[in-house]
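Scroll down for the structure; my scribbles are underneath it.
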Amino acid sequence: MLYMSLFHHLSLVEDTRFHINQRHNLVDVLFLILSAIASGQDGWAEIQQFGELRLDWLRKFRPFTHGIPRRHTIARILQAVEPGSFQLCLMSWINEVRLESNKPVIAIDGKTLRGASKLGSKTFHSVGAFDVTNGLALYQEMASGKGKEIETVQSLITMLNIDNALITIDALNAQ
Numbered sequence: 702m703l704y705m706s707l708f709h710h711l712s713l714v715e716d717t718r719f720h721i722n723q724r725h726n727l728v729d730v731l732f733l734i735l736s737a738i739a740s741g742q743d744g745w746a747e748i749q750q751f752g753e754l755r756l757d758w759l760r761k762f763r764p765f766t767h768g769i770p771r772r773h774t775i776a777r778i779l780q781a782v783e784p785g786s787f788q789l790c791l792m793s794w795i796n797e798v799r800l801e802s803n804k805p806v807i808a809i810d811g812k813t814l815r816g817a818s819k820l821g822s823k824t825f826h827s828v829g830a831f832d833v834t835n836g837l838a839l840y841q842e843m844a845s846g847k848g849k850e851i852e853t854v855q856s857l858i859t860m861l862n863i864d865n866a867l868i869t870i871d872a873l874n875a876q
């Protein structure tokens, strides 16, 4: 199986902007956002600042012909991206990286956010999948309740298209 680059996967995200609003390349901006977030940046201003400070490094991978967009432009560009399309592109890329290794170990577990019930009447439950072999967080999804964790795990396994992997889960999901 030929390994497709992150940029190829990002190019599959549908660009819904009008042609007059496409000064900055969508793949460039998505790569900027992913790089900044992976480096611990939080918020549009920090993403813009990250790009401006590391433009030479970013240009080793992408042209950034018109430089780094302003923070409001970054936000508008990401807002124009259909979330499902972006999620599918990232999941596809992560799955491809995961499949390149032989039989990765996937750990799936549910968590409850501590103290969340003190903030209101709602408690937050999530289910996450982690590729232990490659050190990749594959996905995290909110479960609609503590009793719905099994359903969420089942849909997660289906969505991740997990095949030829060793999966670890807690006792709740062994039912």
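Going by my numbering, the first residue of the sequence shown is number 702, and it counts up by one from there.
The beta carbon of each residue, even a glycine, is placed where N, CA and C say it ideally should be.
Since this is a predicted model, take the numbers as computed values, not measurements.
Among the options, the one whose alpha carbon lies nearest that of residue i
i: G785; options: D864, D716 and I858; result: D716
i: R777; options: L731, L713, Q855 and S736; result: L731
For residue i, the three-state DSSP class (helix, strand or coil)
i: L837; result: strand
i: S827; result: strand
i: K761; result: coil
i: I870; result: coil
i: T813; result: strand
i: L733; result: helix
i: V854; result: helix
i: E842; result: strand
i: I863; result: coil
i: I807; result: strand
Under 8 Å between C-beta atoms of residue i and residue j
i: V782; j: N835; result: no
i: R763; j: D729; result: yes
i: I748; j: R772; result: yes
CA-to-CA distance, residue j to residue i, given in whole angstroms
i: L867; j: L800; result: 12 Å
i: S827; j: L857; result: 11 Å
i: W794; j: S706; result: 8 Å
i: I734; j: G811; result: 28 Å
i: G829; j: Y840; result: 6 Å
i: N722; j: H709; result: 22 Å
Chain-order list of residues whose beta-carbon lies under 7 Å from that of residue i (same chain, five-residue window excluded)
i: N862; result: N796
Contacting residues, own chain, Cβ-Cβ under 6 Å from residue i (five flanking each side not counted)
i: R724; result: H767
Proximity test, residue i beta-carbon vs the ligand FMN heavy atom, cut-off 7 Å
i: I809; result: Because no ligand of any kind appears in the structure shown, any question about the ligand FMN cannot be addressed here.
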